[in-house]
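Visitor: Take any residue in the sequence shown, note its place counting from 1, add 13, and you have its number in our numbering.
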Amino acid sequence: MGGWARIWVVLTVAVSAFAGWVYVDNVGDATRQANDAYKTALDGYDDCRQHPSGPLAASDPLSRFLKDACDYAAQPRNQFAAQQERQQDAAIAAEKQKAAGLAVSTVAWVSGTIGTLFWAIGWIRRGFRKRTSP
Numbered sequence: 014m015g016g017w018a019r020i021w022v023v024l025t026v027a028v029s030a031f032a033g034w035v036y037v038d039n040v041g042d043a044t045r046q047a048n049d050a051y052k053t054a055l056d057g058y059d060d061c062r063q064h065p066s067g068p069l070a071a072s073d074p075l076s077r078f079l080k081d082a083c084d085y086a087a088q089p090r091n092q093f094a095a096q097q098e099r100q101q102d103a104a105i106a107a108e109k110q111k112a113a114g115l116a117v118s119t120v121a122w123v124s125g126t127i128g129t130l131f132w133a134i135g136w137i138r139r140g141f142r143k144r145t146s147p
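(1) What is the DSSP secondary structure of residue 141, reduced to helix, strand or coil?
(2) Where does the unbroken alpha helix (DSSP H) through residue 83 begin, and where does it stop?
(3) Quick check on residue 15: does DSSP put it in helix, strand or coil?
(4) Looking at residue 25: is its Cβ nearer than 8 Å to the Cβ of residue 124?
(5) Roughly how many angstroms separate the alpha carbons of residue 35 and residue 50, rounded to a whole number?
The following block contains the structure:
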């Protein structure tokens, strides 16, 4: 393996390690955001259940809005929690797929570009001739 090929391999390995780190970081961020959204949704559900709206004045738009905003709290908590868990799992899975695609494309583009550049430089340095067998 020639000098240019060694440099290309080292750069490809370095870019792959960086892309792996970015993947893990993106998935961790997505997991934290999904967990926060799940907790917020359950807290909102609990708040709606703890503060049920009593008889509302039909002319009070704020009371009507609050009643409509808490309509989802009529279902049982475990059913609501299961629905939120499915949404949480779907959000994490989508982010994992997105992060994996980003990591693979980063490695492919950088490695391919550097490899092509090194090939072109070698071809130019040989005077545009085909490589001869040693």
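Cβ coordinates follow ideal geometry from the N, Cα and C atoms, glycine included.
Guide: Per the coordinate set shown:
(1) coil
(2) Here residue 83 belongs to no alpha helix (DSSP H), and DSSP marks it neither H nor E.
(3) coil
(4) yes
(5) 22 Å
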